[in-house]
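Novice: The structure under discussion is supplied below as structure tokens; questions concerning it will follow.
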Amino acid sequence: MNAENDVIEAICKAQNTITDKLKGKCQNFHNIVFSRLNLEEKTLQPIPSNYAWHLKFWEENLDENLPNRLQPGVFHWDNMAKKHKRLLNSVSDRLKKIEIRNRNNNIVEIISVGYFQTTNLTQADLFGLLHHLSHKSKEYLSIYGDKTLFPLRYFDAKVPELEVIGRNNDNSYDYDKFNINNITLTQKEVIAIELLMKFNSIKEIASKMQCSHATINKRLNGVKMKLGCFPCSNSQLFQHLNHCGIIRAINNMSNTEIIL
């Protein structure tokens, strides 16, 4: 499929400007793609950073595997369809790719990162960078709207159901409080952190937890006070969570640990 698009090409240049400002951390990145799938309208809005990769993705019909990429969590392309690995190898045998998926009813958001194996990027750096680019990508979506729309060609008329693996949606965790490296977090604090790790905005977290923006900010500020980093930005909070081992612990609970 021919995926040439002047708007997306311009967005790629803008995304590269952002990553160029972080050369020390981004020098080993090949591409970063934020994608929003609307399963009801059968549309896809990609916000890539590498235009050549964007064209190659559609030329090789890798969207054929999108129906199998709806489960929330963190996934390595090495464990996906062979087409994906062939595309990586066509660039370099050192190129790796991971993606973080989040789903809210019929909306699926995927952030995928292509990086060379020699990268010395830490997990905290990765979360901080992707958190920033995720929100920047959402700005592009709101500005350009249907100018970046592509069809979901391989979905039938029925919206794919979300498969729940490992835990019950109504009772995400078995305990009301968690002690992680002598830091006690409530169940709601852990859920808020996990949603933040999946690059949800404060508005999205509030909607999913059915509370106000002020309540979420108060909850996250409480976490920052427990970590001794208040006041700090939510992006900086990732670094403190990682330093205390909380990101790893929550990833283990979710069975979605990232390994670079």
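Residue numbers are given in my numbering: position 38 of the sequence shown equals residue 1121, and the series is strictly consecutive. Don't be surprised by glycine CBs; every beta carbon is placed ideally from N, CA and C.
(1) Taking DSSP as the reference, what is the three-state secondary structure of GLY1197?
(2) Buried or exposed: HIS1296, going by 16 or more other Cβ atoms within 10 Å of its Cβ?
(3) For the alpha helix (DSSP H) holding PHE1140, just list the boundary residues, first then last.
(4) Taking all protein chains shown into account, do 16 or more other C-beta atoms lie within 10 angstroms of the C-beta of VAL1090, making it buried, or fewer, making it exposed?
(5) Of all the alpha helix (DSSP H) runs that stay within the bounds of the region 1278-1328, which reach a length of 4 or more residues?
(6) Would you tell me roughly how many angstroms separate the C-alpha atoms of ASN1300 and CYS1312, rounded to the nearest one?
(7) Within this structure, are the beta carbons of TRP1141 and PHE1233 separated by less than 9 Å?
(8) What residue from THR1298, LEU1279, GLN1293 and SER1284 has the CA that sits closest to GLN1322's CA?
(9) So LYS1179 is in the beta strand (DSSP E); what residue range does that whole segment cover?
(10) Do you know how far the Cα of SER1225 is from the Cα of LEU1216?
(11) Mind checking who PRO1150 pairs with in its DSSP beta bridge?
(12) Count the other CB atoms within 10 Å of the CB of GLU1287; is the residue buried (16 or more) or exposed (fewer)?
(13) If I'm right that THR1231 touches ASN1099 with Cβ under 8 Å, what's the distance once you round it to whole angstroms?
(14) With 16 other CB atoms within 10 Å as the buried threshold, where does GLN1128 fall?
(15) By the DSSP assignment, the beta strand (DSSP E) with ARG1119 in it spans what residues?
(16) Please classify ASN1185 as buried or exposed, where buried requires at least 16 neighbouring CB atoms within 10 angstroms.
(17) ALA1164: buried (16+ other C-beta within 10 angstroms of its C-beta) or exposed?
(18) Can you give me the start and stop residues for the alpha helix (DSSP H) that LEU1171 sits inside?
(19) Is the separation between the beta-carbon of HIS1218 and that of PHE1282 shorter than 9 Å?
(20) Helix, strand or coil: which one does DSSP assign to ASN1099?
(21) Note down the Cα distance separating ALA1275 from SER1318, rounded to an integer number of angstroms.
Specialist: Per the coordinate set shown:
(1) strand
(2) exposed
(3) 1134-1142
(4) exposed
(5) Here the runs fully enclosed are 1285-1291, 1296-1310 and 1317-1326.
(6) 14 Å
(7) Cβ atoms of TRP1141 and PHE1233: closer than 9 Å.
(8) LEU1279
(9) 1178-1187
(10) 14 Å
(11) Note: PRO1150 is not bridge-paired with any residue in the DSSP secondary-structure output.
(12) buried
(13) That pair is no contact at about 17 Å.
(14) buried
(15) Annotation: the continuous beta strand (DSSP E) that includes ARG1119 extends over 1112-1121.
(16) buried
(17) exposed
(18) 1165-1174
(19) yes
(20) helix
(21) 14 Å
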